[in-house]
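There are 2 protein chains.
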Amino acid sequence: MKTDLRVVKTKEALQEALLILLKEKTLNSISVTEICLKAKVNRGTFYSHYGQIENLFEEYFKEIMKDLITSYQEPYKHVQILITSELNPSTIRIFHHIEKYKKFYRIVFSKNAPLSYYYLLFDQIKELLKNDLALNGEKEIDIAMISAYQANAIVGMVIEWSKQDFQHSANYLNQQLVRILNVN
Amino acid sequence: MKTDLRVVKTKEALQEALLILLKEKTLNSISVTEICLKAKVNRGTFYSHYGQIENLFEEYFKEIMKDLITSYQEPYKHVQILITSELNPSTIRIFHHIEKYKKFYRIVFSKNAPLSYYYLLFDQIKELLKNDLALNGEKEIDIAMISAYQANAIVGMVIEWSKQDFQHSANYLNQQLVRILNVN
DNA sequence: GGTTTTATTGAACAGTTGTTTAATAAAAAG
DNA sequence: CTTTTTATTAAACAACTGTTCAATAAAACC
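So the sequences go chain by chain: A and B.
Mapped onto the numbering used here, the consecutive letters of the first sequence carry residue numbers 13 to 196.
Mapped onto the numbering used here, the consecutive letters of the second sequence carry residue numbers 13 to 196.
1. Which residues does DSSP pair with B:P101 in a beta bridge?
2. Alpha carbon to alpha carbon, how far is A:T38 from A:C48? Give it in angstroms, no decimals.
3. Output, in sequence order along the chain, the residues in the region 114-135 of chain A whose CB is closer than 9 Å to any CB in chain B.
4. Need the endpoints of the alpha helix (DSSP H) that A:V20 sits in, please.
5. Could you name the residues of chain B that A:D154 contacts, counting a contact when the two beta carbons are closer than 7 Å?
6. Which bits of chain A does B:G168 rub up against, with CB to CB less than 7 Å?
7. Which bits of chain B does A:E202 rub up against, with CB to CB less than 7 Å?
8. Below 8 Å, how does it come out for the region 146-157 of chain A and the region 110-128 of chain B: are there three or more Cβ pairs, yes or no?
9. Note down the Cα distance separating B:V19 from B:Y84, rounded to an integer number of angstroms.
10. Buried or exposed for A:T82, please, with buried defined as at least 16 other CB atoms from any protein chain shown within 10 angstroms of its CB.
11. Please report the distance separating the alpha-carbon of A:A165 from that of B:H180.
12. Taking the alpha-carbon of B:A160 as reference, which of B:E139, B:Q176, B:Q27, B:A146 has the nearest alpha-carbon?
13. Looking at A:V53: is its Cβ nearer than 7 Å to the Cβ of A:I110?
14. With 7 Å set as the bound, which would you pick, yes or no: does the beta-carbon of B:R191 sit closer than that to a beta-carbon of chain A?
15. Mind listing which residues of the region 50-74 of chain A have their C-beta closer than 8 Å to chain B's C-betas, in chain order?
16. Since B:D79 is in the alpha helix (DSSP H), which residue starts that stretch and which ends it?
17. CB-CB under 6 Å to B:E200, same chain, minus the five flanking residues each way: which ones, in chain order?
18. What separation, rounded to the nearest whole angstrom, lies between the Cα atoms of B:F134 and A:L33?
19. Which one of A:Q27, A:E36, A:T22, A:E172 has the shortest CA to CA distance from A:E71?
20. Output, in chain order, the set of chain B residues within a Cβ distance shorter than 7 Å of A:V20.
21. Go to A:F116, then tell me how far its alpha helix (DSSP H) extends in each direction, as first and last residue.
22. Quick one: does A:E139 have its CB under 7 Å from some CB of chain B?
23. Give every residue of the same chain whose Cβ lies closer than 8 Å to the Cβ of A:L147, excluding the five residues on either side of it in the sequence, and list them in chain order.
24. For B:I104, I'd like the list of residues in its chain whose CB is within less than 6 Å of its CB, leaving aside the five on either flank, ordered along the chain.
25. Could you give the C-beta distance for A:V195 and B:E150, rounded to a whole number, given that I count them as a contact under 8 Å?
26. Report, in whole angstroms, the separation of the C-beta atoms of B:A163 and A:G168, which I expect to be a contact under 8 Å.
Structure representation (structure tokens):
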């Protein structure tokens, strides 16, 4: 099962066309026709690969998710002493990753973005946190539930952050997270 | 500034048409043309009021949000065996409300639903929780952040719940929430 | 009840959508 | 290099979109 070169080419062309158009206008003012025109790809070909523009963006967003994983796993390095013992230091990197790609997260968190983008982020953070999850003999806890709880709590902060157009620094978010966790 | 009777009538007609169509097919297979045909309303009139179908559903969803508020504020009755350590009396009402309207929350949490629905729910829960928020002299905590954190944590559980098509009971969700809060 | 204001209508518009078809061109396989 | 396989293309399709316009009808106002 090789990947046909033609497929790779057209997908790349469509990806790039979308990125170019996103610099000029908003995601849902962009039409399929327009993307295909810029990518020099037949409209039928677009539909056979993606079906809708959202799926094209989603494919790009998956690349960004890869950066989230590596960012999360990369320990300390960029952190300036800050940390308390209460906070899992890896968590820290999530906010920095988002700050780095805030241009795209503005789209992800915009009102008419489909939930599918949100879910990609949510599922990824859930997965990352799940590995670090230490349940001290709490047998009755539904792992899926507590992971969803913790992951989405962090995304909640990001939503708040995005609503203020990412004015705060990533470090501020970390600081707040530490304090919130200490309240409980 | 009175509300013109004609406006009320057309909006009601459009609302009802949407609800009827939602029983037959999914939200994004429904066209504006179709709604207007069923509502006996001119397409131009639809556009002058809503612009897109999502806004029509949003208006309906706001009605459901009113139920969330009254549900949350109404004193708790439905439980037979009341174990105080296992019950979080305020949040259980949120879970019951969602269970009651799960038919609509399936739409709200579907992959291609716009984030705007999510935000309506999130903002409402945030608001409800904010009133009950007791910060014991934690001056440095950003109220907006901790509210977003807590509200979205609960919504996170609901996402997980919806991904299992609301198979669990509202009581199960609440039980889990209590246990999760005790871990911290 | 008569007048004024304003929401709704119908019709038309160019443009987009999503799908399908046979023809073509490009890659893979031998 | 030749054959086979398969992705892409162009063209055409009915349907839907979003917008605009003057004409009409229905409320609001006094």
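No residue lacks a Cβ here, since even glycine has one placed at the ideal position from N, Cα and C.
Per the coordinate set shown:
1. Looking up residue 101 of chain B in the second sequence gives position 89. Within the DSSP secondary-structure output, B:P101 pairs in no beta bridge.
2. Reading the first sequence from its first residue, position 36 is the one you call residue 48 of chain A. Reading the first sequence from its first residue, position 26 is the one you call residue 38 of chain A. Rounded to the nearest whole angstrom, the CA to CA distance from A:C48 to A:T38 is 17 Å.
3. Listed by position along the chain: V120, F121, S122, K123, N124, A125, P126, L127, S128, Y129, Y130, Y131, F134.
4. Start at 1 with the first residue of the first sequence, and residue 20 of chain A comes out as number 8. Looking at the DSSP string, the run of the alpha helix (DSSP H) that includes A:V20 is 17-36.
5. Residue 154 of chain A sits at position 142 when you count from the first residue of the first sequence. By Cβ distance, chain B contributes Q188.
6. What you label residue 168 of chain B is simply residue 156 of the second sequence in a count that begins at 1. Neighbours of B:G168 in chain A, taken as residues at a C-beta separation under 7 Å, are given in chain order as A160, Y161, A163, N164, A165.
7. As shown, chain A starts at 13 and ends at 196. That puts residue 202 of chain A outside it, with no answer to give.
8. Result no; under three Cβ-Cβ pairs closer than 8 Å.
9. By 1-based counting over the second sequence, the position of residue 19 of chain B is 7. By 1-based counting over the second sequence, the position of residue 84 of chain B is 72. Straight-line Cα distance between these residues: approximately 32 Å.
10. Looking up residue 82 of chain A in the first sequence gives position 70. Answer is exposed; the Cβ neighbour count stays below 16.
11. Working through the first sequence from its first residue, we reach residue 165 of chain A at position 153. Working through the second sequence from its first residue, we reach residue 180 of chain B at position 168. Those two C-alpha atoms are separated by around 21 Å.
12. Along the second sequence, read from residue 1 onward, the residue named residue 160 of chain B stands at position 148. Comparing alpha carbon positions, the residue from B:E139, B:Q176, B:Q27, B:A146 closest to B:A160 is B:E139.
13. As a position in the first sequence, residue 53 of chain A is number 41, starting the count at 1. As a position in the first sequence, residue 110 of chain A is number 98, starting the count at 1. Going by C-beta atoms, A:V53 is not nearer than 7 Å to A:I110.
14. Position 179 of the second sequence, counted from the first residue, corresponds to residue 191 of chain B. B:R191 counts as touching chain A.
15. Per Cβ criterion, the list reads E66.
16. Here residue 79 of chain B corresponds to residue number 67 of the second sequence, with the count starting at 1. Following the DSSP letters along the chain, one finds B:D79 inside the alpha helix (DSSP H) bounded by residues 65-85.
17. Missing from the structure shown is residue 200 of chain B; chain B here goes from 13 to 196 and no further.
18. Taking the second sequence and counting its residues from 1, one reaches residue 134 of chain B at position 122. Taking the first sequence and counting its residues from 1, one reaches residue 33 of chain A at position 21. Each residue's Cα considered, the two are about 31 Å apart.
19. Within the first sequence, the letter at position 59 stands for residue 71 of chain A. From the listed residues A:Q27, A:E36, A:T22, A:E172, the smallest Cα separation to A:E71 is found for A:Q27.
20. Within the first sequence, residue 20 of chain A is the residue found at index 8, counting from 1. Those do not exist, as A:V20 stays about 26 Å from chain B at its closest Cβ, beyond 7 Å.
21. The sequence position of residue 116 of chain A within the first sequence is 104, counting from 1. Start and end: 114-120.
22. As a first step, residue 139 of chain A must be located in the first sequence, where it is residue number 127. Judged by the 7 Å Cβ criterion, A:E139 is not in contact with chain B.
23. By 1-based counting over the first sequence, the position of residue 147 of chain A is 135. Only I153, I155, I158 meet the Cβ criterion.
24. Counting from one through the second sequence, the residue named residue 104 of chain B turns up at place 92. These residues qualify, in order along the chain: N186.
25. Walking along the first sequence from the start, residue 195 of chain A turns up at place 183. Walking along the second sequence from the start, residue 150 of chain B turns up at place 138. Between A:V195 and B:E150 the beta-carbon gap is near 6 Å, inside 8 Å, which marks them as a contact.
26. Here the question's residue 163 of chain B lines up with position 151 in the second sequence. Here the question's residue 168 of chain A lines up with position 156 in the first sequence. Between A:G168 and B:A163 the Cβ distance is about 6 Å, and since that is below 8 Å, they are a contact.
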